[in-house]
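S.K.: Order-wise, the sequence lines are chains P and L.
Residue numbering for the first sequence follows this note's numbering, starting at 20 and increasing by one per position.
Residue numbering for the second sequence follows this note's numbering, starting at 5 and increasing by one per position.
Next up is a structure, given as structure tokens.
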Amino acid sequence: MSGGPFRTIGRSAIELANHVGGLGLVIARTVRALPRLDPRELVRSVVHFGYDAIPLVVALAVFIGGILVLFANVNVQRYGAKSLIGWAAGYTILREFGPLLTALVMTGRVGARNAAELASMNIGGQLEGLRGVGVDPFALLVAPRVIASTIAIAALGLVVNLVAVFSAAFFGQLIIAVDPGSFFRSLEQMLGWRDALAGSAKMVAFGLTISLISTRAGLVARGGARAVGRVAAVAVVASSALLTALDYGITVALERVL
Amino acid sequence: MAVSPLQLAILLGRSTRRALRRGVPRGEIVRQVHEIGFRSLLLVFGGMVFFGAVMTAHGAYQARKVVGDLSIVGPAYFEVLIRELGPTIAGILAAVRIGAAISAEVAAMQVTEQLDALRLSAGDPYAEVAFPRIVGGLIGVPALLVIGTAAATLTTVVVSTYAYGADGTAFMDPTFVDLGDIFAFFAKALGYGLAIPLAAVQSGFSARGGPGAVGAATTTGVVASCMLVLILDLLISALLFYTGL
Chain P
20 MSGGPFRTIG RSAIELANHV GGLGLVIART VRALPRLDPR ELVRSVVHFG YDAIPLVVAL
80 AVFIGGILVL FANVNVQRYG AKSLIGWAAG YTILREFGPL LTALVMTGRV GARNAAELAS
140 MNIGGQLEGL RGVGVDPFAL LVAPRVIAST IAIAALGLVV NLVAVFSAAF FGQLIIAVDP
200 GSFFRSLEQM LGWRDALAGS AKMVAFGLTI SLISTRAGLV ARGGARAVGR VAAVAVVASS
260 ALLTALDYGI TVALERVL
Chain L
5 MAVSPLQLAI LLGRSTRRAL RRGVPRGEIV RQVHEIGFRS LLLVFGGMVF FGAVMTAHGA
65 YQARKVVGDL SIVGPAYFEV LIRELGPTIA GILAAVRIGA AISAEVAAMQ VTEQLDALRL
125 SAGDPYAEVA FPRIVGGLIG VPALLVIGTA AATLTTVVVS TYAYGADGTA FMDPTFVDLG
185 DIFAFFAKAL GYGLAIPLAA VQSGFSARGG PGAVGAATTT GVVASCMLVL ILDLLISALL
245 FYTGL
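As structure tokens, then:
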């Protein structure tokens, strides 16, 4: 390639500016559309992204609980501290793996879906059509989706954390014979509202990330069926990359304050 | 959901049988290893670097509360990283990237009738589209998991040394790592490597309709791949726990 590294650096810088600017536009137009938000679409989207995903996240939470009990058990067996397993599993579920794993699955269930649906509407000319009849697609369609998917992901995160703790107690009894009473005792003694709040704060940040990135990806889609798939895949990969980076930043910040 | 274990088993059997009968498409397999393995490397590597740093932050926080010195938990943490966390978090990241890419690509082929065109020209989507992706996953995913776990380990060493002032080398001290842990790692890696492309190809093949169907298939592909990773993780871990490995 001519120009060598400078060309590559310049290209990446322009691309980065493009992405950041695009996200900024989505945020700004969503905020501006807030007073004119279509409440029916908001409710419909919350049901679509959140309520309909409840069976999935309950299944997800059951597996997370089982996995984390086995994970906690590796150390618990080594140090003979069976009474601590409720705390060890609960801490990792609430603060780290509940939010992180939920968010990564939600990049597919909510992110890919949102990006693909917006991309289909965009490619099918429906967004243009709305503008043509004088309706702001942001107030009617886009902003409600951003808000709804953020709410949905945060709420689903709460469901996951709750169900995963019970699932951990169940698998703890089933696999490594830890009495649920002592499981919840150590959970209750060593964990508090701070841990639950830290997990919820993460979920809100993850939800916002997924919904903004997928919305922007869907809105810039051009092309046919292939483009819809590509946009959905890009939304998934970009948001999961950002999630892991964000996870570190939030974890460090939260452990200072919470 | 459009993906069931029975369908995946049928897909695996049919693809393998037809590919063996028709001759294994070597060139396409190499291309898929590149596509699945190499092109997922950035996400898995970057994600695992941050994950290693996150786990160090959690460890330091807990160490302050309980034991006092971060490096005491090092060797045990290294075992858990190899046995549980490394393969599974890297596996989910790989599932997200590979599941999305394969299901979007195959679904687009399906709805634009390219798969029908392949059949008409005496080709076979099972042998020529599904099989190379399955083998590509079997080779690419374990490689990604090894690199991802190594990245998380090195990040933990560096972060615990420089950010928390502990003896970081404790986090790569293999005292507690035995053959059972290595076996668990590779059992999971191969399981994920098989399951991810199977779920993604299956959801791509089941796409029906217009551009919207491609989006729906991508969603299903990502979600099913991620869920399969978690299900396999729990199954393999529980099995190994019962057999005492």
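Think of the CB as a built atom: it goes at the ideal place given N, C-alpha and C, for glycine as much as any other residue.
Keep in mind it's a predicted model, so treat the numbers as computed, not measured.
(1) Hey, out of ALA121(L), ILE96(L), VAL58(L), ILE235(L), whose CA is closest to THR270(P)'s CA?
(2) Apply the 10 Å Cβ neighbour rule to SER258(P) and answer buried if 16 or more other Cβ atoms are within range, or exposed otherwise.
(3) What residues in its chain sit with their C-beta under 7 Å from that of LEU227(P), if we drop five residues either side in the sequence?
(4) Taking Cβ-Cβ distances shorter than 7 Å, what residues in chain L pair up with ASP266(P)?
(5) The region 78-93 of chain P: which residues have C-beta closer than 8 Å to a C-beta of chain L, in chain order?
(6) Please identify the residue among ALA162(P), THR49(P), GLU34(P) whose C-alpha is closest to the C-alpha of GLU60(P).
(7) What's the gap between the Cα of ARG63(P) and the Cα of TYR70(P)?
(8) Could you name the residues of the region 152-180 of chain L whose beta carbon sits closer than 8 Å to any beta carbon of chain P, in the order they occur along the chain?
(9) Taking the alpha carbon of PRO129(L) as the reference point, which residue from TYR65(L), GLU32(L), LEU97(L), LEU236(L) has its own alpha carbon closest?
(10) With GLU117(L) as the anchor, note down where its alpha helix (DSSP H) starts and where it stops.
(11) Apply the 10 Å Cβ neighbour rule to TRP212(P) and answer buried if 16 or more other Cβ atoms are within range, or exposed otherwise.
(12) Using three-state DSSP, classify TYR168(L) as helix, strand or coil.
(13) Measure from the alpha carbon of LEU142(L) to the alpha carbon of each residue in ALA191(L), LEU47(L), GLY27(L), VAL226(L), then state which is nearest.
(14) Under three-state DSSP, which class holds ASP266(P)?
(15) Can you list, in chain order, the residues of the region 217-235 of chain P whose Cβ is nearer than 8 Å to any Cβ on chain L?
(16) Would you kindly work out how many angstroms separate the C-alpha atoms of ALA105(L) and PRO199(P), rounded to a whole number?
(17) By the 9 Å beta-carbon criterion, what residues does the region 189-207 of chain L contribute toward chain P?
(18) Look at the alpha carbon of ALA228(L) and the alpha carbon of PHE90(P), and state the distance between them as a whole number of angstroms.
(19) Whole angstroms are fine: how far does the CA of ARG68(L) sit from the CA of MET5(L)?
(20) Is ARG254(L) helix, strand or coil by DSSP?
(21) Between the Cα of GLY51(L) and the Cα atoms of THR159(L), LEU124(L), GLN66(L), which residue gives the shortest distance?
(22) Of all the residues that make up the region 241-272 of chain P, which are near chain L by a beta-carbon distance shorter than 7 Å?
(23) In terms of residue numbering, what span does the alpha helix (DSSP H) encompassing THR173(L) cover?
(24) List, in order along the chain, the chain P residues whose C-beta lies closer than 9 Å to that of PHE42(L)?
(25) Is any beta-carbon of chain P found at less than 7 Å from that of ILE76(L)?
(26) CB ALA244(P) to CB PRO146(L), shorter than 7 Å?
(27) So which residues of chain L does GLY191(P) contact, with C-beta pairs closer than 8 Å?
(28) Per DSSP, what kind of secondary structure is ALA240(P) in: helix, strand or coil?
(29) Would you tell me roughly how many angstroms separate the C-alpha atoms of GLN206(L) and GLY109(P), rounded to the nearest one?
(30) At which residue ranges does the region 53-95 of chain L contain complete alpha helix (DSSP H) runs of 4 or more residues, listed in the order of the chain?
(31) In whole angstroms, give me the CA-to-CA distance for LEU74(L) and ASP171(L).
M.R.: Walking through what the data contain:
(1) Indexing the first sequence from 1 puts residue 270(P) at position 251. If we check each option's Cα against that of THR270(P), VAL58(L) comes out closest.
(2) Here residue 258(P) refers to the residue found at position 239 of the first sequence. When all chains shown are included, SER258(P) counts as buried.
(3) For the purposes of this step, residue 227(P) is taken as residue 208 along the first sequence, with counting starting at 1. Cβ within range, chain order: THR169.
(4) Locating residue 266(P) in the first sequence gives position 247, counting from the first residue. Those within 7 Å of ASP266(P) in chain L are PHE54, VAL58.
(5) ALA78, LEU79, PHE82, ILE83, GLY85, ILE86, LEU89, PHE90, ASN92, VAL93
(6) Along the first sequence, read from residue 1 onward, the residue named residue 60(P) stands at position 41. Selected option, being the one with the closest Cα: ALA162(P).
(7) Residue numbering aside, residue 63(P) sits at position 44 when the first sequence is read from its first letter. Residue numbering aside, residue 70(P) sits at position 51 when the first sequence is read from its first letter. Looking at the two C-alpha atoms, the distance is approximately 10 Å.
(8) PHE180
(9) Taking the second sequence and counting its residues from 1, one reaches residue 129(L) at position 125. The shortest Cα separation from PRO129(L) among TYR65(L), GLU32(L), LEU97(L), LEU236(L) belongs to GLU32(L).
(10) As a first step, residue 117(L) must be located in the second sequence, where it is residue number 113. That residue, GLU117(L), is in no alpha helix (DSSP H); it is neither H nor E in DSSP.
(11) Residue 212(P) sits at position 193 when you count from the first residue of the first sequence. Exposed, by the Cβ-count rule.
(12) The residue given as residue 168(L) occupies position 164 in the second sequence. In this structure, TYR168(L) counts as coil in the three-state DSSP scheme.
(13) Translated into the one-based positions of the second sequence, residue 142(L) becomes position 138. The shortest C-alpha separation from LEU142(L) is found at ALA191(L).
(14) For this step, residue 266(P) is matched to residue 247 along the first sequence. Residue state, collapsed to three classes: helix.
(15) none
(16) Residue mapping note: residue 105(L) aligns to position 101 of the second sequence, counting from 1. Residue mapping note: residue 199(P) aligns to position 180 of the first sequence, counting from 1. C-alpha separation (whole angstroms): 42 Å.
(17) none
(18) For this step, residue 228(L) is matched to residue 224 along the second sequence. For this step, residue 90(P) is matched to residue 71 along the first sequence. Cα-Cα distance, rounded: 23 Å.
(19) Residue 5(L) sits at position 1 when you count from the first residue of the second sequence. Residue 68(L) sits at position 64 when you count from the first residue of the second sequence. Bear in mind that the predicted position of MET5(L) carries a pLDDT of just 47, short of 50, making it too unreliable to give a figure here.
(20) The first residue shown for chain L is 5 and the last is 249, placing residue 254(L) beyond what the model contains.
(21) Start at 1 with the first residue of the second sequence, and residue 51(L) comes out as number 47. Among THR159(L), LEU124(L), GLN66(L), the Cα nearest to that of GLY51(L) belongs to THR159(L).
(22) GLY243, ALA244, ARG245, VAL247, GLY248, ARG249, ALA251, ALA252, VAL255, VAL256, SER259, ALA260, THR263, ALA264, ASP266, TYR267, THR270, VAL271
(23) The residue given as residue 173(L) occupies position 169 in the second sequence. Element bounds for THR173(L): n/a, residue is neither H nor E.
(24) As a position in the second sequence, residue 42(L) is number 38, starting the count at 1. Near PHE42(L) there are no residues of chain P at all, since even the closest Cβ is about 14 Å away, more than 9 Å.
(25) Here residue 76(L) refers to the residue found at position 72 when the second sequence is read from its first residue. False, the Cβ-Cβ gap to chain P never drops below 7 Å.
(26) Residue 244(P) sits at position 225 when you count from the first residue of the first sequence. Residue 146(L) sits at position 142 when you count from the first residue of the second sequence. Not in contact: ALA244(P) and PRO146(L) (Cβ atoms no closer than 7 Å).
(27) Translated into positions along the first sequence, residue 191(P) becomes position 172. Ordered by position in chain L, no residue passes the 8 Å Cβ test against GLY191(P), which lies about 12 Å from the chain.
(28) In the first sequence, the residue the question calls residue 240(P) occupies position 221. ALA240(P): coil per DSSP, three-state reduction.
(29) Taking the second sequence and counting its residues from 1, the one referred to as residue 206(L) is at position 202. Taking the first sequence and counting its residues from 1, the one referred to as residue 109(P) is at position 90. Going from the Cα of GLN206(L) to the Cα of GLY109(P) covers about 36 Å.
(30) 78-84
(31) Numbered from its first residue, the second sequence carries residue 74(L) at position 70. Numbered from its first residue, the second sequence carries residue 171(L) at position 167. Using only the alpha carbons, I get a separation of about 8 Å.
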